[in-house]
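Working notes, beginning with the structure itself.
Numbering (our numbering), first residue to last: 1289 to 1760.
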């Protein structure tokens, strides 16, 4: 049997050696472009015992069954997983920052831990292989003996943002990063709860080694009780602090509060600035400095904050929901200015753009006053929002997939695109595909949430920070 996608100009084989003597055969195939659902022809070719063609008959015109939402989400999730499967160093266990090779990122590695768990649970990788991979990675961040330092370079239990993938040594002038170490710890703890045993022991040891108080400013002044963003040998502690709400502040604060060995005062959760406003006629929410969508999402990759409020009564899950709706509405309102903006084409966040990777694009309201944007959109925006706005996010992702064939590649949806410039990102980023993989899995099953939240130290962090169940 053969099929044609071009009205019979060319044919491709589906299968051979069908015995047609009264038997019924079921077969299927993956078309060249699943966006073209109809316009296919199917034909049967009869051959003799020597393989010579004897007769050919076009059987029917046919269409491809439209992909369901769950099939689509499974597709993009599996493709995202394959990035982590393909880009883990076999010796250090570190995960690459990008598909272009080069250095590893500890944030990508943190998400890589979750990817191994998801892949094992879904049968995309053998569970024993995934466990061994996780152990290899954990060992890179732990000392072999009490007298030694870990293979991965760092300081006070924190690690450099970028490491040489094959050696785990500091890459270039990379800084020791508090938020990227936090993402690494979250991924390790997730793997620890999923695999248990040796993996859990090693994961918690990494957590216990982080001296959170070392990066906490205790001097009276504007940054009192705020965490420094990082440290480098050349500059010392960076003159930048987590002093304004962002999901990264939530992530760092809760991990530090819950630490079994180096806990900090729970008041750190309430020290960074919280300012609330609405976009146009939408609901008000506590906004971030640049308004990038990712800055409302990172803590929610791991912490299940549904139906919970903090001591000040803030529902952070609802807060991100409202920020997501504002980001989408801003894109709708500016669709006349940029070809890529619209009701199913939104997501102003950290992403690749012509000229390099950008972290500070966003939508209003913002702490900086005026958001920055240029028509570039990232699928990671709606993907990271799928637990907050399931229908809107899924619709946007399917629209991007169906409408922009150039946005699809080896690891699924590419990082970003700009229709005004006819530009599509050529490279995948670990944190980008991770922002597809983890939220989609949480939306489908809650898998990462369930495992991460099983950890006793994580549960304790929420209690100490004053989180309670939301009434009504």
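Heads up, the beta-carbon is just placed ideally off N, CA and C, and yes, glycines get one too.
By the CB criterion at 8 Å, residue 1483 and residue 1392 fall outside the cutoff. Minimum Cα-Cα distance from residue 1593 among the listed residues 1439, 1605 and 1629 corresponds to 1605. Counting the other Cβ atoms within 10 Å of the Cβ of residue 1653 gives 16 or more, which makes it buried. In the three-state scheme derived from DSSP, where H, G and I count as helix and E and B as strand, residue 1675 is classed as coil.
Nearest Cα to residue 1591 within the set 1523, 1432, 1743 and 1435: 1743.
In the three-state DSSP reduction, residue 1706 falls in the strand class (E or B).
DSSP links residue 1747 through a beta bridge to no other residue.
Nearest C-alpha to residue 1637 among 1389, 1621, 1614 and 1625: 1614.
The Cβ-Cβ distance between residue 1699 and residue 1687 does not fall below 8 Å. Taking the Cβ atoms as the reference, residue 1479 lies roughly 4 Å from residue 1401, within the contact range of under 8 Å. From the listed residues 1446, 1619 and 1411, the smallest Cα separation to residue 1428 is found for 1446.
Per the DSSP secondary-structure output, residue 1561 pairs in a beta bridge with 1532. Residue 1573 and residue 1563 do not touch by the CB rule: their CB atoms are close to 10 Å apart, not below 8 Å.
In the structure shown, the three-state DSSP call for residue 1369 is helix. Under the three-pair Cβ rule at 8 Å, the segment 1625–1642 does not count as touching the segment 1551–1563. Residue 1419 carries a helical assignment under DSSP once its states are collapsed to helix, strand and coil.
Taking 8 Å as the cut-off, the Cβ atoms of residue 1684 and residue 1749 do not count as close.
Boundaries cannot be given for residue 1694, as no beta strand (DSSP E) includes it and DSSP labels it neither H nor E.
Short of 6 Å from the beta carbon of residue 1439, and not among the five residues preceding or following it, lie these beta carbons of its own chain, in chain order: 1428 and 1456. Taking the Cα of residue 1532 as reference, the smallest distance to any Cα among 1568, 1359 and 1578 is reached at 1578. In the DSSP secondary-structure assignment, residue 1450 is bridged to 1393.
DSSP, reduced to helix, strand and coil, places residue 1290 within a strand of the structure shown. Taking 4 residues as the shortest admissible run, the segment 1459–1514 contains the following complete alpha helix (DSSP H) segments, listed from N- to C-terminal end: 1466–1483 and 1485–1497.
Contact between the segment 1724–1742 and the segment 1470–1478 is established, with three or more Cβ pairs separated by less than 8 Å. In the DSSP assignment, residue 1640 falls outside any alpha helix (DSSP H) and lies within the beta strand (DSSP E) extending over 1639–1641.
In this structure residue 1369 touches residue 1407 by the C-beta definition: roughly 5 Å separates them, less than 8 Å. The straight-line gap separating the alpha-carbon atoms of residue 1540 and residue 1663 is approximately 31 Å.
The DSSP-derived three-state label of residue 1384 is strand.
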